[in-house]
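As structure tokens, the structure follows; a few thoughts come after it.
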Amino acid sequence: MIEFDSVTKIFQEKDRVFTALSDISLSISKGEAFGIAGKSGAGKSTLLRMINALEEPTSGTVTIEDTTLNNVNKIHLRSLKKRTGMVFQQFNLLYNKTVAENVHLPLELHNHPTHLTVEEALHFVGLKDKKDQYPSQLSGGQKQRVGIARALITRPDILLCDEPTSALDQNTTEEIVQVLKKAHKAFDMTIVVVTHDLLVIKALCQRAAVLENGELETIIDVSQSNKQTADRPYYERAIEVLGSD
Amino acid sequence: MIETINLYFEHVLEYLPRMLESLGETGIMLFFAILAAILLGIPVGTLLFLTSSGNPMEHHLLNRLVNTLVNIIRSFPFLLLVVAMQPFIRQIYGRATGDPIAASFPMIVIAIALYARFVEQSLNDIPKAIIETAQSMGATTWQLVWKFLYVEARSSLVIGFTTAVISFVSYSTIMGVVGGGGIGDFAIRYGYQRYETDIMYTAIVLIILLVGLFQWLGLKVAKILDKR
Numbered sequence: 001m002i003e004f005d006s007v008t009k010i011f012q013e014k015d016r017v018f019t020a021l022s023d024i025s026l027s028i029s030k031g032e033a034f035g036i037a038g039k040s041g042a043g044k045s046t047l048l049r050m051i052n053a054l055e056e057p058t059s060g061t062v063t064i065e066d067t068t069l070n071n072v073n074k075i076h077l078r079s080l081k082k083r084t085g086m087v088f089q090q091f092n093l094l095y096n097k098t099v100a101e102n103v104h105l106p107l108e109l110h111n112h113p114t115h116l117t118v119e120e121a122l123h124f125v126g127l128k129d130k131k132d133q134y135p136s137q138l139s140g141g142q143k144q145r146v147g148i149a150r151a152l153i154t155r156p157d158i159l160l161c162d163e164p165t166s167a168l169d170q171n172t173t174e175e176i177v178q179v180l181k182k183a184h185k186a187f188d189m190t191i192v193v194v195t196h197d198l199l200v201i202k203a204l205c206q207r208a209a210v211l212e213n214g215e216l217e218t219i220i221d222v223s224q225s226n227k228q229t230a231d232r233p234y235y236e237r238a239i240e241v242l243g244s245d
Numbered sequence: 246m247i248e249t250i251n252l253y254f255e256h257v258l259e260y261l262p263r264m265l266e267s268l269g270e271t272g273i274m275l276f277f278a279i280l281a282a283i284l285l286g287i288p289v290g291t292l293l294f295l296t297s298s299g300n301p302m303e304h305h306l307l308n309r310l311v312n313t314l315v316n317i318i319r320s321f322p323f324l325l326l327v328v329a330m331q332p333f334i335r336q337i338y339g340r341a342t343g344d345p346i347a348a349s350f351p352m353i354v355i356a357i358a359l360y361a362r363f364v365e366q367s368l369n370d371i372p373k374a375i376i377e378t379a380q381s382m383g384a385t386t387w388q389l390v391w392k393f394l395y396v397e398a399r400s401s402l403v404i405g406f407t408t409a410v411i412s413f414v415s416y417s418t419i420m421g422v423v424g425g426g427g428i429g430d431f432a433i434r435y436g437y438q439r440y441e442t443d444i445m446y447t448a449i450v451l452i453i454l455l456v457g458l459f460q461w462l463g464l465k466v467a468k469i470l471d472k473r
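Chains A and B, in that order, are what the protein sequence lines are. Using our numbering, you'd call the opening residue of the first sequence number 1 and step up by one each time. Using our numbering, you'd call the opening residue of the second sequence number 246 and step up by one each time.
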């Protein structure tokens with residue numbers, strides 16, 4: 001379980017003070033797929049980054065399982081991060097490493113007792129044949145699949161996705177959503193997705209928080225849509241979207 | 246015409262042993278400078294990067310200190326650095342003049358400062374997102390440096406290294422003033438002071454070829470390493 005208790009984050013830059021999050025309390029259950037929606041600048045990425053301690057709250061507490069992040073030492077923090085995977089908007093791959101080397105990277109940082117093999121991880125995201133290529137040879141969607149494989153290889157308890165589809169076009173977005181959905185089912189983990197794209201949350205999450213100007217507006221239960229659109233060609237959907245009023 | 250060419254070659258042949266010896270002295274000085282750049286320039290440059298503000302080992306005082314030191318060394322006119330270091334070299338090496346190893350000390354100092362700056366700049370060019378990715382995976386600073394930063398910066402580290410080595414060649418030509426020898430000293434002594442102009446130009450062409458070789462090799466290696 002991930003729990004935010006009256007979390008406030010204030011950024012201070014020279015003479016400018018900016019409240020990114022104010023008094024956020026919410027909890028995400030184990031195994032849940034949870035969305036955080038909001039416009040850009042709403043504070044949703046800051047909230048996500050607190051889950052693996054990339055940001056510290058100015059006040060309030062973040063608790064993962066039974067550990068409160070505010071007062072843990074570095075070593076403990078490392079072992080917490082070890083159990084968390086993260087997927088980024090700009091993929092954040094190492095461009096001088098091959099696909100296989102990128103995916104293998106987390107295993108070089110820690111001992112993971114129950115990890116996947118590189119082959120398994122790449123097979124899962126459908127990129128087994130690309131393992132010896134370099135990221136610059138891949139499309140945006142393929143790069144994000146590598147990012148997901150890299151996050152999954154450690155079999156994380158928590159998968160954090162920071163705008164995972166925002167650099168991608170609509171069709172690729174749906175492909176990525178399907179991969180994440182499959183991963184959620186297969187690996188029994190908690191997924192937290194930050195995005196401004198409500199359709200991504202609709203397709204992937206069971207509940208979602210809506211943030212605005214750093215404040216938590218509401219948490220809603222997402223009613224799942226069963227419409228599978230991933231396999232449909234772009235032009236069909238273009239006609240559907242542009243043709244209807 | 247042919248006679249002139251023959252005369253030239255005879256002349257060069259006469260000086261060849263001394264010229265090769267000078268190249269060897271340049272080689273010794275470059276060797277120590279290169280060794281220092283790699284063994285100490287890279288760590289110092291990395292330290293400059295890591296301790297600067299917003300980076301994982303942020304440390305204002307340490308950063309300011311190393312930064313000032315590097316600036317002082319780099320702003321020294323090299324000839325004055327050579328002279329200023331004389332007592333120090335005498336103390337630890339026994340003699341300060343007359344051999345290329347003694348002459349290597351100022352080369353080592355400038356090599357560390359110069360390449361440290363190049364390394365710092367290379368690391369600054371890496372997207373901040375890479376550091377964040379390493380931190381999100383719980384990488385230690387050591388792992389961040391070796392498994393992320395050096396991997397992504399490797400081709401620009403090589404290009405900076407090439408530029409640094411070419412500067413070392415240039416710095417080494419001054420070392421004649423303390424009897425360090427080298428190909429630059431050779432050109433000055435035989436060409437300039439003894440009016441053997443053809444020998445001087447030959448030595449200069451050799452230096453140009455040497456620099457060209459380093460440049461070509463550096464760019465080639467950088468290109469092979471760059472997969473971005």
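Backbone N, C-alpha and C define an ideal beta-carbon position, used for all residues, glycine too.
Output needed for residue i: all residues of its chain with C-beta closer than 7 Å, excluding positions within five of it in sequence on either side, in chain order.
i, result
"E215/A", "S22"
"R145/A", "V125, G126, L127 and V179"
"S45/A", "D162 and V194"
"F277/B", "S349, M352 and I353"
"A467/B", "S400, V403 and I404"
Give the residues of chain A in contact with residue i, contact being defined as C-beta atoms less than 7 Å apart.
i, result
"T386/B", "What T386/B touches in chain A: nothing, since even the nearest Cβ is about 10 Å away."
So for residue i, helix, strand or coil by DSSP?
i, result
"T190/A", "strand"
"I153/A", "coil"
"R473/B", "coil"
"I143/A", "For clarity, residue 143/A is Lys in the given sequence; the question names Ile instead. Correct three-state label for K143/A: helix."
"V349/B", "In the sequence under discussion, the amino acid at residue 349/B is Ser, which differs from the Val named in the question. If DSSP states are grouped into helix, strand and coil, S349/B belongs with the helices."
"M50/A", "helix"
"D370/B", "coil"
"M264/B", "helix"
"V456/B", "helix"
"V72/A", "coil"
"F4/A", "strand"
"E174/A", "helix"
"D23/A", "strand"
"L198/A", "helix"
"T117/A", "coil"
"E240/A", "helix"
"L138/A", "coil"
"T271/B", "helix"
"E212/A", "strand"
"T447/B", "helix"
"T342/B", "coil"
Using a Cβ-Cβ cutoff of less than 6 Å, which residues in the same chain neighbour residue i once the five nearest sequence positions on both sides are dropped?
i, result
"G60/A", "D5, S6, V7 and T8"
"D430/B", "G421"
"A33/A", "H184, I191, L204, C205 and Q206"
"A100/A", "V118 and K131"
"I158/A", "T84 and T190"
"A149/A", "V103, A121, L122 and V125"
"G343/B", "G424"
"T19/A", "I10 and G214"
"V177/A", "V200, A203 and L204"
So which residues of chain B does residue i contact, with C-beta pairs closer than 7 Å?
i, result
"N52/A", "S381"
"S136/A", "K472 and R473"
What does residue i touch in chain B if you count any residue whose Cβ is under 9 Å from its own?
i, result
"Q90/A", "P372 and A374"
"E55/A", "Those within 9 Å of E55/A in chain B number zero; the least Cβ separation is about 11 Å."
Any idea which residues DSSP pairs residue i with across the strands?
i, result
"E13/A", "R16/A"
"R207/A", "F34/A and D221/A"
"V62/A", "F4/A"
"V87/A", "C161/A"
"L168/A", "Partner(s): none; L168/A has no beta bridge."
"I28/A", "I2/A"
"T67/A", "I64/A"
For residue i, return the contacting residues in chain A, with the cut-off set at a CB-CB distance below 8 Å.
i, result
"E397/B", "L94, Y95 and N96"
"T378/B", "M86, F88 and N92"
Given that residue i touches chain B, what residues does it touch there, using C-beta distances under 8 Å?
i, result
"L105/A", "M382 and K392"
"E108/A", "Q388 and K392"
Within a Cβ cutoff of 8 Å, which residues of the same chain sit near residue i, ignoring the five residues on either side of it in sequence?
i, result
"H104/A", "V118 and I153"
"S136/A", "Y95"
"F459/B", "T407, V410, I411 and V414"
"N312/B", "L293"
"R319/B", "I355, A358, L359 and R362"
> Name the residues in the segment 110 to 121 of chain A whose C-beta lies less than 8 Å from a C-beta of chain B; which are they?
Replying inline: H110
> According to a CB-to-CB cut-off of less than 8 Å, which residues of the segment 57 to 84 of chain A neighbour chain B?
Replying inline: L77, R78, S79, L80, K81, K82 and T84
>> Please identify, using Cβ separations under 7 Å, the residues of the segment 324 to 355 of chain B that lie next to chain A, in order along the chain.
In response: none
> What are the residues of the segment 172 to 206 of chain A that lie near chain B, defined by any Cβ-Cβ distance shorter than 9 Å?
Replying inline: none
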